[in-house]
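*Asks:* If you scroll down you'll find the structure; I have some questions about it.
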Amino acid sequence: MLTLHRFHGGLHLDAHKEDSSLAPLATAPVPPRLIFPLQQRGGQNAEAVVQVGDHVRKGQVIARGDGPMNPPIHSSSSGVVSAIEPRPLPHPSGIADLAIVIDTDGEDLALETEAPPHSRELGPDELRRIIFEAGIVGLGGAAFSTAVKTDPGHRAIDTLILNGAECEPYITCDDSLLRNFPREVLEGACILMRVLGVERCLLGIEDDMPEAIRALRETREAGDYSNIDVVTVPALYPSGGEKQLIRILTGREVPTRGIPADAGVICQNVGTAAAVFRAVVRGEPLIERIVTVTGKGVRNPGNWLTRIGTPIADLVRYSGGYSGTAERLILGGPMMGISLPSDALPLVKAANCVLVTGRGETTGPKQALPCIRCGACAEVCPVNLLPQQLYWYSRADNLERAQEYQLPDCIECGCCDYVCPSHIPLVQYFRAAKSELVARQRERSKADHARERFEARQARKEREKQERAEAAQRKKAALAKPDASEIQDAIARAKARKRMPESAPTTDAAPDQSPPAQEPAEN
Amino acid sequence: MRFNTAPAPHLAPTASTRRIMQWVLVAMLPGIAAQLWQFGPGVLINLALAIATALLAESAMLRLRAQPSRAGLSDWSAVLTAALLAVSLPPIAPWWIAVFGALFAIVIGKQLYGGLGYNPFNPAMVGYAVLLISFPKAMTAWLPPTDLGAASLGLLEAWNTIAHRAGPEGLGFDALAMATPLDTLKTQLGLGRTMDEIQSAALFGALAGKGWQWVNLGYLAGGLWLLRRGLIAWQIPAGFLAALGGLSLGFFLLEPQTYPTPLFHLFGGATMLGAFFIATDPVTASTTPKGRLIYGALIGSLIFVIRSWGGYPDGVAFAVLLLNLAAPTIDHYTRPRVYGHPG
Ligand code: SF4
Ligand code: SF4
Numbered sequence: 002m003l004t005l006h007r008f009h010g011g012l013h014l015d016a017h018k019e020d021s022s023l024a025p026l027a028t029a030p031v032p033p034r035l036i037f038p039l040q041q042r043g044g045q046n047a048e049a050v051v052q053v054g055d056h057v058r059k060g061q062v063i064a065r066g067d068g069p070m071n072p073p074i075h076s077s078s079s080g081v082v083s084a085i086e087p088r089p090l091p092h093p094s095g096i097a098d099l100a101i102v103i104d105t106d107g108e109d110l111a112l113e114t115e116a117p118p119h120s121r122e123l124g125p126d127e128l129r130r131i132i133f134e135a136g137i138v139g140l141g142g143a144a145f146s147t148a149v150k151t152d153p154g155h156r157a158i159d160t161l162i163l164n165g166a167e168c169e170p171y172i173t174c175d176d177s178l179l180r181n182f183p184r185e186v187l188e189g190a191c192i193l194m195r196v197l198g199v200e201r202c203l204l205g206i207e208d209d210m211p212e213a214i215r216a217l218r219e220t221r222e223a224g225d226y227s228n229i230d231v232v233t234v235p236a237l238y239p240s241g242g243e244k245q246l247i248r249i250l251t252g253r254e255v256p257t258r259g260i261p262a263d264a265g266v267i268c269q270n271v272g273t274a275a276a277v278f279r280a281v282v283r284g285e286p287l288i289e290r291i292v293t294v295t296g297k298g299v300r301n302p303g304n305w306l307t308r309i310g311t312p313i314a315d316l317v318r319y320s321g322g323y324s325g326t327a328e329r330l331i332l333g334g335p336m337m338g339i340s341l342p343s344d345a346l347p348l349v350k351a352a353n354c355v356l357v358t359g360r361g362e363t364t365g366p367k368q369a370l371p372c373i374r375c376g377a378c379a380e381v382c383p384v385n386l387l388p389q390q391l392y393w394y395s396r397a398d399n400l401e402r403a404q405e406y407q408l409p410d411c412i413e414c415g416c417c418d419y420v421c422p423s424h425i426p427l428v429q430y431f432r433a434a435k436s437e438l439v440a441r442q443r444e445r446s447k448a449d450h451a452r453e454r455f456e457a458r459q460a461r462k463e464r465e466k467q468e469r470a471e472a473a474q475r476k477k478a479a480l481a482k483p484d485a486s487e488i489q490d491a492i493a494r495a496k497a498r499k500r501m502p503e504s505a506p507t508t509d510a511a512p513d514q515s516p517p518a519q520e521p522a523e524n
Numbered sequence: 076m077r078f079n080t081a082p083a084p085h086l087a088p089t090a091s092t093r094r095i096m097q098w099v100l101v102a103m104l105p106g107i108a109a110q111l112w113q114f115g116p117g118v119l120i121n122l123a124l125a126i127a128t129a130l131l132a133e134s135a136m137l138r139l140r141a142q143p144s145r146a147g148l149s150d151w152s153a154v155l156t157a158a159l160l161a162v163s164l165p166p167i168a169p170w171w172i173a174v175f176g177a178l179f180a181i182v183i184g185k186q187l188y189g190g191l192g193y194n195p196f197n198p199a200m201v202g203y204a205v206l207l208i209s210f211p212k213a214m215t216a217w218l219p220p221t222d223l224g225a226a227s228l229g230l231l232e233a234w235n236t237i238a239h240r241a242g243p244e245g246l247g248f249d250a251l252a253m254a255t256p257l258d259t260l261k262t263q264l265g266l267g268r269t270m271d272e273i274q275s276a277a278l279f280g281a282l283a284g285k286g287w288q289w290v291n292l293g294y295l296a297g298g299l300w301l302l303r304r305g306l307i308a309w310q311i312p313a314g315f316l317a318a319l320g321g322l323s324l325g326f327f328l329l330e331p332q333t334y335p336t337p338l339f340h341l342f343g344g345a346t347m348l349g350a351f352f353i354a355t356d357p358v359t360a361s362t363t364p365k366g367r368l369i370y371g372a373l374i375g376s377l378i379f380v381i382r383s384w385g386g387y388p389d390g391v392a393f394a395v396l397l398l399n400l401a402a403p404t405i406d407h408y409t410r411p412r413v414y415g416h417p418g
């Protein structure tokens with residue numbers, strides 16, 4: 002039996018999971034219009050490989066990135082590219098960036114693909130190539146390129162961890178996936194283990210998902226999955242955080258500024274594993290995922306198998322539309338999700354939940370009071386930070402101290418913020434201070450770089466000057482010394498002649514050569 | 076559809092500063108009830124005087140400092156400060172004691188440092204210490220507890236005593252007053268009496284001083300309730316009581332004729348009030364888990380030292396104030412190990 006480990010702090014939150022988990026998984030219709038932002042993950046843009054007017058099919062690549070961090074984007078249905086233009090991104094600011102807009106034709110014609118080769122014959126590199134080409138990114142929310150993540154380089158990995166601990170309240174898409182597609186998840190795990198060359202897989206799942214646990218256990222017994230352990234972990238936010246789950250299951254900690262591979266593990270979301278299975282075994286790119294639509298602000302909460310690119314407004318419409326009290330639109334969970342200004346935004350690969358809160362379900366504007374140093378924040382911090390000190394230093398703009406108190410280790414889970422009785426928006430302060438730190442670091446390294454370049458140039462100039470000076474001196478010496486020595490020689494000769502006129506020819510040559518060869522040595 | 080945006084986390088908060096202050100006040104009730112029962116209604120008059128003064132002072136200071144006074148007053152922190160001060164005062168202290176103490180606590184102890192959250196010293200204890208130093212006589216004159224068979228004062232009599240320094244039925248004020256058990260113990264030991272002789276006096280009850288043991292039990296009950304509700308951290312009272320109990324037990328075992336029992340220390344004076352309500356004032360206490368244990372233990376130890384060898388009968392206020400000074404340093408050296416960092 003695997004012993005579980007504890008991480009510091011954490012919160013027992015009201016789960017609100019029944020809202021969406023009671024309804025069976027439904028397949029969302031193809032919306033009339035699909036939108037694919039080219040900027041999929043912070044700052045990295047893919048480039049469109051289709052043009053306005055092109056007819057595209059389901060599964061066709063419509064955009065490609067510039068490297069392994071940036072897998073291609075596929076159309077999730079068939080239709081005509083109607084625009085490639087700036088559209089608001091799923092971001093609280095509603096900032097706009099280029100997006101491919103496809104008017105669907107309702108045919109849902111798939112691209113013809115060859116049957117994929119038997120996956121057991123493929124090596125890790127080939128599997129990673131398939132994963133990349135299928136456009137797979139982490140489906141847990143971070144959208145990190147899976148091909149990159151499954152390439153630990155020189156690091157020794159011994160364990161694959163599958164993250165099914167859906168710890169944020171309200172979200173049930175992984176629960177729904179595990180209930181409906183347990184075999185795909187376990188098969189995907191086997192493929193990922195082959196990619197990584199590891200023998201052990203731990204699938205962590207919170208103990209408040211009994212149906213999913215049962216489905217997984219049954220599938221595991223029925224098949225050949227003996228090296229996958231299904232481990233139930235106590236429902237405690239944020240046990241689904243990558244670092245926290247690694248600690249719970251293995252007792253190891255990801256070193257600060259390190260990655261999980263430094264602790265010998267690779268962590269993947271269960272949805273990602275299922276996507277890997279589909280890509281490798283069925284040759285299907287990532288064009289759909291399960292999305293939870295929930296909250297008091299929607300009429301019929303539930304889970305939808307949804308095409309990537311579907312506008313939120315359409316998905317909400319399929320869920321019966323907004324109830325009268327809809328107040329806030331959140332992409333993700335209530336603890337870390339981002340609140341969106343408009344439902345005209347599309348669902349990208351990382352979108353796991355559309356939470357529409359109703360009246361009284363979320364915070365109103367909070368009036369922050371002074372910190373009373375109660376320490377409630379430090380008690381719940383899963384990273385064991387001292388949030389009140391961080392707050393103090395962030396607010397005083399004393400970023401050196403904030404860094405000394407390990408501000409960069411904050412995972413922005415929101416636990417401290419939630420429990421603060423003075424209603425101080427701690428996470429906002431931390432986010433601001435962290436980006437300020439990053440900006441300063443960038444400035445500093447830019448300045449360092451510039452200074453290095455400047456110093457290098459100075460050094461070169463200095464060297465050149467010196468070389469020139471030396472050359473000049475050598476030349477001067479070559480010219481001048483003979484003169485000087487000629488006089489001396491003349492004197493010497495004169496003296497010598499007085500004493501011993503016969504030896505004069507032999508003393509003549511020597512002084513001419515030696516002085517110039519010695520002079521540079523003095524410098 | 077358009078929505079207003081807001082930063083995460085989005086869940087409605089469960090706790091509020093104001094609630095915490097209110098719950099702490101509620102938790103004081105058993106202790107206050109015991110005081111009322113044992114020492115008469117003087118404690119209520121002190122409470123009323125101190126709270127009224129504190130609220131007036133707080134609102135005047137907030138106005139002077141151009142701060143929103145409604146938000147400042149509604150956090151209930153001034154009320155709590157005044158209450159902690161008031162229950163520490165002798166039940167027949169003249170009216171201006173409570174008024175002056177509360178004024179000093181709020182104006183100097185709290186607002187001049189920047190108000191709630193910015194004060195380095197526990198304001199109630201600042202007020203108390205200033206009173207004790209300035210008016211030692213008035214501050215050490217207590218009433219005999221009901222347990223001793225003393226007739227308790229009526230509300231009117233208490234008011235007359237407090238307002239006009241007039242004892243009931245022509246009884247002089249001085250005839251009314253009496254030293255506390257801790258005070259008595261100190262004086263008697265100073266006179267060379269043995270513990271047996273001193274404790275045979277009627278002043279001493281089963282646990283500690285008569286009357287006082289009930290008051291301590293009352294604050295202990297309230298404190299345990301605060302712990303159960305998670306409103307205070309366990310480390311401070313635990314460190315406090317363990318250190319005071321441990322030290323007094325050690326010395327008692329060594330020399331039982333010179334040192335009272337640990338029970339006398341634990342259930343006498345302001346011990347339980349100090350351990351659960353005063354030392355735990357979050358603003359001025361240590362904030363790290365290990366730091367709180369150390370902080371509590373040092374306060375407990377210091378109380379034992381002051382009670383045994385110092386110049387004052389009880390040491391809670393001075394011990395707390397001294398450790399307030401050390402709290403930032405303690406915090407600095409007791410930072411917990413952060414996830415992912417070597418130990
Ligand atoms: S929870 Fe809020 S009030 Fe309490 S110490 Fe932390 S920041 Fe201060
Ligand atoms: S947001 Fe940061 S500081 Fe606050 S509890 Fe989470 S990790 Fe700790």
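These protein sequence lines are chains V and W, in that order. Quick note: to get this note's numbering, add 1 to the position in the first sequence (first position is 1). Quick note: to get this note's numbering, add 75 to the position in the second sequence (first position is 1). C-beta atoms are modelled at their ideal positions from N, C-alpha and C, and glycine is treated no differently.
Of the choices V:Ile101, V:Pro25 and V:Val266, whose alpha-carbon is the least far from that of Val82 (chain V)?
*Replies:* Here the question's residue 82 (chain V) lines up with position 81 in the first sequence. Residue V:Ile101 is the option with its Cα nearest to Val82 (chain V).
*Asks:* Whole angstroms is fine: what's the gap from Leu260 (chain W)'s alpha carbon to Lys185 (chain W)'s?
*Replies:* The sequence position of residue 260 (chain W) within the second sequence is 185, counting from 1. The sequence position of residue 185 (chain W) within the second sequence is 110, counting from 1. Roughly 34 angstroms between the two C-alpha positions.
*Asks:* Just the chain V side, please: which residues come within less than 7 angstroms of Ser209 (chain W) by C-beta, in chain order?
*Replies:* Here residue 209 (chain W) corresponds to residue number 134 of the second sequence, with the count starting at 1. In chain order: nothing, as chain V lies at least about 29 angstroms away.
*Asks:* Taking CB distances under 8 angstroms as the criterion, tell me whether Leu391 (chain V) reaches chain W.
*Replies:* Against the first sequence, residue 391 (chain V) aligns to sequence position 390. So no, Leu391 (chain V) is outside the interface.
*Asks:* Roughly how many whole angstroms lie between the Cα atoms of Ile95 (chain W) and Thr89 (chain W)?
*Replies:* Counted from its first residue, the second sequence places residue 95 (chain W) at position 20. Counted from its first residue, the second sequence places residue 89 (chain W) at position 14. Rounded to whole angstroms, Ile95 (chain W) to Thr89 (chain W) spans 11 angstroms at the Cα level.
*Asks:* Any heavy atom of ligand 1 closer than 7 angstroms to the Cβ of Gln52 (chain V)?
*Replies:* For the purposes of this step, residue 52 (chain V) is taken as residue 51 along the first sequence, with counting starting at 1. Flag unset: Cβ of Gln52 (chain V) not near ligand 1.
*Asks:* Buried or exposed for Val381 (chain V), going by 16 or more other Cβ atoms inside 10 Å?
*Replies:* Taking the first residue of the first sequence as position 1, residue 381 (chain V) is located at position 380. Buried: at least 16 other Cβ atoms inside 10 Å.
*Asks:* Determine the direct distance from the alpha carbon of Ala64 (chain V) to that of Ile74 (chain V), and round the result to whole angstroms.
*Replies:* One-based indexing of the first sequence puts residue 74 (chain V) at position 73. One-based indexing of the first sequence puts residue 64 (chain V) at position 63. Roughly 5 angstroms between the two C-alpha positions.
*Asks:* Could you confirm whether any beta carbon from chain W is found closer than 8 angstroms to the beta carbon of Gln519 (chain V)?
*Replies:* Locating residue 519 (chain V) in the first sequence gives position 518, counting from the first residue. With a pLDDT of 39 at Gln519 (chain V), under the threshold of 50, the modelled position of this residue cannot be trusted, and the question is left open.
*Asks:* Cβ atoms of Thr128 (chain W) and Asp178 (chain W): under 8 angstroms apart, would you say?
*Replies:* Here residue 178 (chain W) is taken as the residue at index 103 of the second sequence, counted from 1. Here residue 128 (chain W) is taken as the residue at index 53 of the second sequence, counted from 1. Inspection of the sequence shows that residue 178 (chain W) is occupied by Leu rather than by Asp. A contact, by the Cβ cut-off of 8 angstroms.
*Asks:* Between Gly10 (chain V) and Ala308 (chain W), is the Cβ-Cβ spacing less than 8 angstroms?
*Replies:* Within the first sequence, residue 10 (chain V) is the residue found at index 9, counting from 1. Within the second sequence, residue 308 (chain W) is the residue found at index 233, counting from 1. No. Outside cutoff.
*Asks:* Taking the alpha-carbon positions, what's the Gly224 (chain V) to Val282 (chain V) distance?
*Replies:* One-based indexing of the first sequence puts residue 224 (chain V) at position 223. One-based indexing of the first sequence puts residue 282 (chain V) at position 281. Whole-angstrom Cα-Cα distance: 17 angstroms.
*Asks:* Does at least one heavy atom of ligand 2 sit under 7 angstroms from the Cβ of Leu346 (chain V)?
*Replies:* Position 345 of the first sequence holds residue 346 (chain V). Outside the cutoff, so no.
*Asks:* Using a Cβ cut-off of 8 angstroms (strictly closer), state whether Arg458 (chain V) contacts chain W.
*Replies:* As a first step, residue 458 (chain V) is located in the first sequence; it is residue number 457 there, counting from the start. Taking Cβ atoms only, chain W never reaches closer than 8 angstroms to Arg458 (chain V), which makes this a no.
*Asks:* Could you tell me which whole alpha helix (DSSP H) segments of length 4 or greater appear in the region 165 to 214 of chain W?
*Replies:* If we require 4 residues or more, the alpha helix (DSSP H) runs fully inside the region 165 to 214 of chain W come out as 170 to 179 and 198 to 209.
*Asks:* Kindly examine ligand 1 and report whether one of its heavy atoms sits closer than 7 angstroms to the Cβ of Gly376 (chain V).
*Replies:* Taking the first residue of the first sequence as position 1, residue 376 (chain V) is located at position 375. Yes, the Cβ of Gly376 (chain V) comes within 7 angstroms of a heavy atom of ligand 1.
*Asks:* Under 8 angstroms by Cβ, that's how I've got Val231 (chain V) and Leu204 (chain V) pegged, so tell me the actual separation to the nearest angstrom.
*Replies:* Locating residue 231 (chain V) in the first sequence gives position 230, where the first residue counts as 1. Locating residue 204 (chain V) in the first sequence gives position 203, where the first residue counts as 1. About 5 angstroms; that satisfies the 8 angstroms criterion.
*Asks:* Just the Cα atoms here: how many angstroms apart are Val380 (chain W) and Ala146 (chain W)?
*Replies:* One-based indexing of the second sequence puts residue 380 (chain W) at position 305. One-based indexing of the second sequence puts residue 146 (chain W) at position 71. Approximately 41 angstroms between the Cα atoms of the pair.
*Asks:* Asp209 (chain V) versus chain W: which residues are under 9 angstroms apart at the beta carbon?
*Replies:* Translated into positions along the first sequence, residue 209 (chain V) becomes position 208. Simply none; closest approach about 17 angstroms.
*Asks:* Going by DSSP, name the residue or residues bridged to Thr105 (chain V).
*Replies:* Sequence index remark: in the first sequence, residue 105 (chain V) carries index 104 (1-based). The partner list for Thr105 (chain V) (beta bridge, DSSP) reads V:Gly80.
*Asks:* Cβ of Asn181 (chain V) within 8 angstroms of Cβ of Leu26 (chain V)?
*Replies:* If you number the first sequence from 1, residue 181 (chain V) lands on position 180. If you number the first sequence from 1, residue 26 (chain V) lands on position 25. Yes; because the gap between Cβ atoms is below 8 angstroms, this pair is in contact.
*Asks:* What residue from W:His340, W:Leu373, W:Leu231 and W:Lys365 has the CA that sits closest to Ile120 (chain W)'s CA?
*Replies:* Taking the first residue of the second sequence as 1, we reach residue 120 (chain W) at position 45. Cα-wise, what sits closest to Ile120 (chain W) is W:Leu231.
*Asks:* Can you tell me whether Ile373 (chain V) sits near ligand 1, meaning its C-beta is under 7 angstroms from at least one heavy atom of the ligand?
*Replies:* Locating residue 373 (chain V) in the first sequence gives position 372, where the first residue counts as 1. Yes, since a heavy atom of ligand 1 falls inside the 7 angstroms radius drawn around the Cβ of Ile373 (chain V).
*Asks:* Quick one: list the residues of chain W neighbouring Cys168 (chain V), beta-carbon separation under 8 angstroms, in chain order.
*Replies:* Sequence index remark: in the first sequence, residue 168 (chain V) carries index 167 (1-based). Here the premise fails: no neighbours, minimum Cβ distance about 13 angstroms.
*Asks:* Interface residues of chain V around Pro165 (chain W) at Cβ under 7 angstroms?
*Replies:* Position 90 of the second sequence, counted from the start, is the residue given in the question as residue 165 (chain W). Ordered by position in chain V, no residue passes the 7 angstroms Cβ test against Pro165 (chain W), which lies about 30 angstroms from the chain.
*Asks:* Measuring only between beta-carbons, confirm whether Ala141 (chain V) sits less than 8 angstroms from chain W.
*Replies:* Position 140 of the first sequence, counting from 1, holds the residue named residue 141 (chain V). Strictly speaking, residue 141 (chain V) in this sequence is Gly, with Ala absent from that position. False, the Cβ-Cβ gap to chain W never drops below 8 angstroms.
*Asks:* With DSSP as the reference, label Asn399 (chain V) as helix, strand or coil.
*Replies:* Stepping through the first sequence from its first residue, residue 399 (chain V) is reached at position 398. Coil, per DSSP.
*Asks:* Shorter than 7 angstroms, the distance from the beta carbon of Pro422 (chain V) to the closest heavy atom of ligand 1, or not?
*Replies:* For this step, residue 422 (chain V) is matched to residue 421 along the first sequence. For ligand 1, at least one heavy atom lies less than 7 angstroms from the Cβ of Pro422 (chain V).
*Asks:* Between Met76 (chain W) and chain V, is the shortest Cβ-Cβ distance under 8 angstroms, so that the two count as touching?
*Replies:* If you number the second sequence from 1, residue 76 (chain W) lands on position 1. Yes, contact with chain V.
*Asks:* In chain V, what lies closer than 9 angstroms to Thr80 (chain W) by C-beta?
*Replies:* As a position in the second sequence, residue 80 (chain W) is number 5, starting the count at 1. In chain order: Pro93, Ser94, Gly95, Arg329, Leu330, Ile339, Ser340, Leu341 and Pro342.
*Asks:* Name, in chain order, the residues that DSSP records as bridge partners for Pro89 (chain V).
*Replies:* Position 88 of the first sequence, counting from 1, holds the residue named residue 89 (chain V). BP columns for Pro89 (chain V) point to V:Ala97.
*Asks:* For ligand 1, I want to know if Cys416 (chain V) counts as a neighbour, meaning its beta carbon is within less than 7 angstroms of at least one of the ligand's heavy atoms.
*Replies:* As a first step, residue 416 (chain V) must be located in the first sequence, where it is residue number 415. No, ligand 1 has no heavy atom inside 7 angstroms of this Cβ.
*Asks:* Please confirm whether Asn353 (chain V) and Cys174 (chain V) have their CB atoms less than 8 angstroms apart.
*Replies:* Position 352 of the first sequence holds residue 353 (chain V). Position 173 of the first sequence holds residue 174 (chain V). Yes.
*Asks:* At least one CB of chain V closer than 8 angstroms to the CB of Tyr370 (chain W): is that the case?
*Replies:* Against the second sequence, residue 370 (chain W) aligns to sequence position 295. No - not a single Cβ of chain V is within 8 angstroms of the one on Tyr370 (chain W).
*Asks:* Would you mind sorting Glu503 (chain V) into buried or exposed? The rule is 16 or more other CB atoms within 10 Å of its CB.
*Replies:* Sequence index remark: in the first sequence, residue 503 (chain V) carries index 502 (1-based). Low per-residue confidence applies at Glu503 (chain V): pLDDT is 44, beneath 50, and the placement is therefore not dependable, though the value from the model is reported in the following sentence. Classification for Glu503 (chain V): exposed.
*Asks:* In chain V, which residues lie with their C-beta within 9 angstroms of the C-beta of Ile353 (chain W)?
*Replies:* For the purposes of this step, residue 353 (chain W) is identified with residue 278 of the second sequence, where counting begins at 1. The contacting residues do not exist; Ile353 (chain W) stays about 15 angstroms from chain V at best.
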